[in-house]
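Throughout the sequence shown, residue numbering follows the numbering used here, covering 215 to 517 in sequence. A short write-up of the structure that comes next.
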Amino acid sequence: MTLDQLRIFVEVAERGHVTRAAKALGMSQSAASAAIASLESNYEIRLFDRVGRGIRLTETGRIFLREARAVLDRASMARSVLQDLAGHPGPVAIAASQTIAAYWLPRRLADFHTANPRVRFNVVIRNTNEVEAAVVEGEANIGLVEGPTQHPALIRQQIDHDQIVLVVASNQPPLPLNEKGRLDLRAINWVVRETGSGTRRGLEDLAVREGLSVDDLNIFLVLPSNEAVRGAIEAGAGATIISRHVVAPAIAAGKLTEIPIELPQREYALVRHRDRHATRAQEALVAHLTGAATSTPAPPEQS
């Protein structure tokens with residue numbers, strides 16, 4: 215069994231298709247099929263069931279997938295340690311939620327790069343739940359989130375805060391009120407982000423505060439990005455709760471109106487895996503993002 219075989223197995227398992235996995239790995243379909251066949255024949259097991267043009271993990275395959283991912287994760291950690299000791303740091307993999315990635319992170323990465331020009335970054339944008347999963351599974355070294363995280367393997371540090379606001383198009387009629395003179399959340403047409411986003415969590419928390427559940431709300435449009443939500447609201451689609459960073463220009467331009475309602479600040483947080491080795495570049499970046507910035511230590515002299 216080799217690391218290459220494990221990488222092929224994991225890619226095929228995640229994509230459910232040998233040809234697509236082979237293309238993602240830059241290899242031929244026959245080579246990928248041979249690697250899977252070798253694992254199955256050497257250990258006299260079946261890892262996949264063939265279903266139509268695709269494949270599906272067997273129960274044995276599902277159990278093995280956890281172990282294969284763990285081995286690849288450890289191999290990646292070992293490679294990072296050697297690169298760090300040799301003074302050749304690999305890129306820092308960052309997963310960030312949308313508001314942070316678009317409005318908070320770029321300037322801070324630019325400042326860090328000025329002081330640490332050898333450090334490279336790979337940044338992916340996900341919602342809060344996906345960022346948490348990426349750090350837990352080793353796809354990202356550092357996660358930046360706007361919502362709560364739950365996994366016990368993560369270390370969480372507050373790095374900043376953000377104010378969410380309720381907005382509508384400026385040419386829309388007043389929002390409906392209930393018999394108590396408060397906003398009737400059930401009568402409002404809501405435009406929201408997908409489940410798992412920190413932005414959506416703001417509306418969910420407001421509903422709970424008013425004694426409602428999300429199912430009580432008229433969520434008629436779910437969109438995948440903050441900018442799409444803002445565009446829909448500017449077009450008169452309804453109301454949303456969103457970061458002030460996202461809508462401040464539209465409010466200033468008179469396109470959107472902020473509705474006065476008490477909404478809490480939300481926390482920007484950095485999450486890391488407590489058991490994974492952190493390179494000096496990662497440690498320096500964490501210090502920079504949490505406000506205790508230092509330059510990356512110089513690599514040791516090579517004998």
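All C-beta atoms in this analysis are idealised placements derived from N, C-alpha and C, irrespective of residue type, glycine included.
As a beta-bridge residue in DSSP terms, Leu-484 pairs with Leu-358, Gln-371. Counting the other CB atoms within 10 Å of its CB gives Glu-360 a total of 16 or more, which places it among the buried residues. Counting every other CB atom within 10 Å of its CB across the protein chains shown gives Gln-312 a total of 16 or more, marking it as buried.
Inter-segment contact for the segment 488-500 and the segment 355-369 is present: three or more beta-carbon pairs are separated by less than 8 Å.
Taking Gln-371 as the centre and dropping the five residues before and after it, the same chain places the C-beta of Leu-484, Thr-504 closer than 6 Å to its C-beta, in chain order. About 19 Å separates the Cβ atoms of Ser-384 and Leu-477, ruling out a contact at the 8 Å cut-off. Under the DSSP definition of a beta bridge, Val-338 partners with Ala-309. Around Asn-403, the same chain offers Asn-432, Phe-434, Gly-452 as residues with beta carbons nearer than 6 Å, after the five sequence neighbours per side are excluded.
The alpha-carbon of Pro-387 is positioned some 38 Å away from that of Arg-321.
Leu-286 is positioned such that its CB atom lies no closer than 7 Å to that of Ala-227. Under DSSP, Val-436 takes part in a beta bridge, and its partners are Val-406. In this structure the segment 245-252 touches the segment 218-233; the number of beta carbon pairs closer than 8 Å is three or more.
If you ignore the 5 residues before and after Glu-225, its C-beta comes within less than 7 Å of the C-beta of Ala-235, Ala-238, Leu-239, all in its own chain and listed in chain order. Counting along the chain, Arg-270 sits inside no alpha helix (DSSP H); it lies in the beta strand (DSSP E) bounded by residues 268-271. Listed in chain order, the non-local C-beta contacts of Thr-454 below 7 Å within the same chain comprise Val-381, Trp-404, Val-405, Val-406, Val-443, Ile-447, local neighbours out to five positions each way being set aside.
Under the three-state reduction of DSSP output, Thr-216 falls in the coil class, being neither helix nor strand.
Relative to the Cα of Arg-423, the nearest Cα in the group Thr-409, Val-349, Leu-397, Gln-377 belongs to Leu-397.
In the three-state DSSP reduction, Thr-493 falls in the coil class, being neither helix nor strand.
Separation of the CB atoms of Arg-260 and Thr-272 is rounded to 5 Å, and the pair is thereby assigned contact status at 8 Å.
Annotated as proximal: Ile-308 and Val-337, with beta-carbon spacing under 7 Å. Secondary structure note for Asp-263: it is in no alpha helix (DSSP H), and the uninterrupted beta strand (DSSP E) holding it is 262-265. Under the three-state reduction of DSSP, Glu-281 is assigned to helix. A direct Cα-Cα distance of roughly 40 Å separates His-327 from Ala-245.
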